[in-house]
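Under mature numbering (1 follows the signal peptide of the UniProt record, and there is no 0), the residues of the sequence shown are numbered -17 to -1, 1 to 194, in order.
See structure below.
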Amino acid sequence: MRRTALLFCIFSVGAHAASFDCTKASSVSEKLICTTPALSQADERLAKVYREAKTASGNSSEFRQMTKENWRLRQQCQTVSCLSDWYTHSQQKYLQLMPMSAACPDENSEVNATGTLLRITFPGPPNYESVEQGDEAEVYWVLQADKPLCTQDAADWGDQTQMQLVVEAGMYKTHRSLIGHRVRVQGSLLFAETGHHHTPLMIGVGKLEAE
């Protein structure tokens, strides 16, 4: 297997866009990544973060050893849930190797992000687990960012590329035509605190416009 596949699983399969060659997938974890679109996309995102971390670390022996050990953890995963958690933790691990100045803002820092504006229904009270099982539906706008945002002291659960947007009520009407399209968001970085916060990172929107 190629070195890149061994390091961080860079696959390429159809629309799933994983970062390694899925025709050569052999392990359970590799096959799950290739057949699960969300994991394929997470793999592609991690590949980009990996390359940046490799440059930031100078590809040191410590970095190479960390990457090797981390890959072994991935190979132990036998479920989609395990792999999803692995991608989240790996992403944070590599992001922490990058310079803390511009790459990792604190809570309440001003941030700029680009991506696709989504409208997502999340499970709300009483259990915040499943709308199908009786939880109240909570609909929010979410930015599917182009790349994960490294932060200082943020929670490490969930997808760091999805950020729930806190917008003024009027924006839901004036900006609804942007849903499903690429946008640029400027605002204040917020961290999730309650059950109504469905992504670990959020943005208090000051400006939302088409890219």
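Glycine included, every Cβ here is placed at the ideal spot set by N, Cα and C.
Nothing here was measured: the structure is a model prediction, and the numbers come from that model.
Three or more Cβ pairs drawn from the region 123 to 136 and the region 144 to 163 lie within less than 8 angstroms of each other, which places the two stretches in contact.
The beta-carbon separation of L172 and P88, rounded to 6 angstroms, stays under the 8 angstroms limit for a contact.
Following the DSSP letters along the chain, one finds A25 inside the alpha helix (DSSP H) bounded by residues 20 to 40. Excluding its 5 nearest sequence neighbours in each direction, K190 has C-beta neighbours in its own chain below 6 angstroms: Q169, listed in chain order. Under the three-state reduction of DSSP, K130 is assigned to coil, being neither helix nor strand.
DSSP lists A120 as the beta-bridge partner residues of P106. Counting only residues of its own chain and dropping the five nearest sequence neighbours on each side, S67 has a CB closer than 8 angstroms to the CB of A21, L22, A25. Taking 7 angstroms as the cut-off, the beta carbon of S2 is found closer than this to the beta carbon of E27. In the three-state reduction of the DSSP assignment, E176 falls in the coil class. The Cβ-Cβ distance between L80 and A39 falls below 7 angstroms. Every alpha helix (DSSP H) stretch that sits fully inside the region 46 to 104 and reaches 4 residues is listed by chain position as 63 to 78, 83 to 86. Around the beta carbon of E13, 16 or more other beta carbons sit within 10 angstroms, so the residue counts as buried.
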